[in-house]
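Participant: Last residue of the sequence shown? That's 208 in the numbering used here, and every number before it is there in order.
All residues carry an ideal CB built from backbone N, CA and C; glycine is no exception.
Can you keep this structure in mind? I'll have questions shortly.
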Amino acid sequence: MVKNRAGSVGGELLNRFTVVFDYQKGKLYLKKAPDFKRPFTYNVTGINIHHMGLQWISETEVFRTELNMSSNDVVYDQGRRTSEFKYNFKLQPIYEIYSIRKNSLAEKAGLLEGDVIISINNKTTQRLSLHEINLLLKSDLGKYISIKVNRNNQELKFRFKLEELL
Numbered sequence: 043m044v045k046n047r048a049g050s051v052g053g054e055l056l057n058r059f060t061v062v063f064d065y066q067k068g069k070l071y072l073k074k075a076p077d078f079k080r081p082f083t084y085n086v087t088g089i090n091i092h093h094m095g096l097q098w099i100s101e102t103e104v105f106r107t108e109l110n111m112s113s114n115d116v117v118y119d120q121g122r123r124t125s126e127f128k129y130n131f132k133l134q135p136i137y138e139i140y141s142i143r144k145n146s147l148a149e150k151a152g153l154l155e156g157d158v159i160i161s162i163n164n165k166t167t168q169r170l171s172l173h174e175i176n177l178l179l180k181s182d183l184g185k186y187i188s189i190k191v192n193r194n195n196q197e198l199k200f201r202f203k204l205e206e207l208l
């Protein structure tokens, strides 16, 4: 145990029990639930991520319509067919590595605290929630994780195999 540590018990543990709190007696009662023997999944990468704000992202949207080649509706510009498009600006989340466990897979691969995560397994993190990112980091043992980060305005790629910690 760690002295003076005020920790929390996560849902990965508590969802295996029916939990009853007896506030008057200051007791907690646990009864095994059907999921009690389900294997634990946890983040073996050693990475802890947090949401560090939002950024504006521009996306180009191209309008494509069914065009009849014999139709007079086809628009040409200097003899070339043109497409209409518009720009969409969206606020997207920024996720940063705020801590890395010492001697972890992530540390050994070269990831650092402060790296901004761009993608995990080729999935852009801008479209993911923090919960979805954490699920990706809980992938099955033996699988590989690829992480693209921005470090000092430089894109870097890392890849490592998920292995048992103990």
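May I ask you to report which of helix, strand or coil DSSP gives GLY156?
Facilitator: Taking the first residue of the sequence shown as position 1, residue 156 is located at position 114. Coil, per DSSP.
Participant: Give the DSSP bridge partners of LEU70, in chain order.
Facilitator: For the purposes of this step, residue 70 is identified with residue 28 of the sequence shown, where counting begins at 1. Per DSSP, PHE63.
Participant: Just verifying my parser: in three-state terms, what is the DSSP assignment at HIS92?
Facilitator: Residue mapping note: residue 92 aligns to position 50 of the sequence shown, counting from 1. In the structure shown, HIS92 sits in a strand (DSSP, three-state: E or B).
Participant: Could you check if ILE99 is buried or exposed, using at least 16 other CB atoms within 10 Å of its CB as the buried criterion?
Facilitator: For the purposes of this step, residue 99 is taken as the residue at position 57 of the sequence shown. Per the 10 Å Cβ criterion, exposed.
Participant: Since VAL86 and LEU147 should fall inside the 8 Å C-beta cutoff, what is the C-beta to C-beta distance between them, to a whole number of angstroms?
Facilitator: As a working note, residue 86 is residue 44 in the sequence shown. As a working note, residue 147 is residue 105 in the sequence shown. With 8 Å as the limit, VAL86 and LEU147 qualify as a contact, their Cβ atoms being about 7 Å apart.
Participant: Measure from the alpha carbon of ARG143 to the alpha carbon of each residue in LYS190, LEU70 and GLU155, then state which is nearest.
Facilitator: Counted from its first residue, the sequence shown places residue 143 at position 101. Of LYS190, LEU70 and GLU155, the residue nearest in Cα terms is GLU155.
Participant: List, from N- to C-terminal side, the beta strand (DSSP E) runs of 3 residues or more that fit wholly inside the segment 148-205.
Facilitator: Complete beta strand (DSSP E) runs here, min 3: 158-162, 186-193 and 196-203.
Participant: Just list the residues that DSSP pairs LEU133 with in beta bridges.
Facilitator: Mapped onto the sequence shown, residue 133 falls at position 91. Bridge partners of LEU133: TRP98.
Participant: Quick check: the segment 163-173 against the segment 199-208, are there 3 or more CB pairs under 8 Å?
Facilitator: No: the two stretches stay apart, fewer than three of their Cβ pairs being nearer than 8 Å.
Participant: Spatial neighbours of LYS199 within its chain, please: C-beta separation below 6 Å, excluding the five flanking residues on both sides.
Facilitator: Your numbering for residue 199 matches position 157 in the sequence shown. Correct list, in chain order: LYS190.
Participant: Consider the Cβ of PRO135: report whether some Cβ of chain B lies at a distance smaller than 8 Å.
Facilitator: The structure shown contains no chain B, having only a single protein chain.
Participant: If you count every other CB in all the chains shown that lies within 10 Å of the CB of GLY88, and 16 or more means buried, which is it?
Facilitator: For the purposes of this step, residue 88 is taken as the residue at position 46 of the sequence shown. Answer is buried; the Cβ neighbour count reaches 16.
Participant: Within its chain, find whatever has a CB closer than 6 Å to the CB of TYR140; leave out the 5 residues flanking it on each side and keep chain order.
Facilitator: Translated into the one-based positions of the sequence shown, residue 140 becomes position 98. The answer, listed in chain order, is ASN90 and HIS92.
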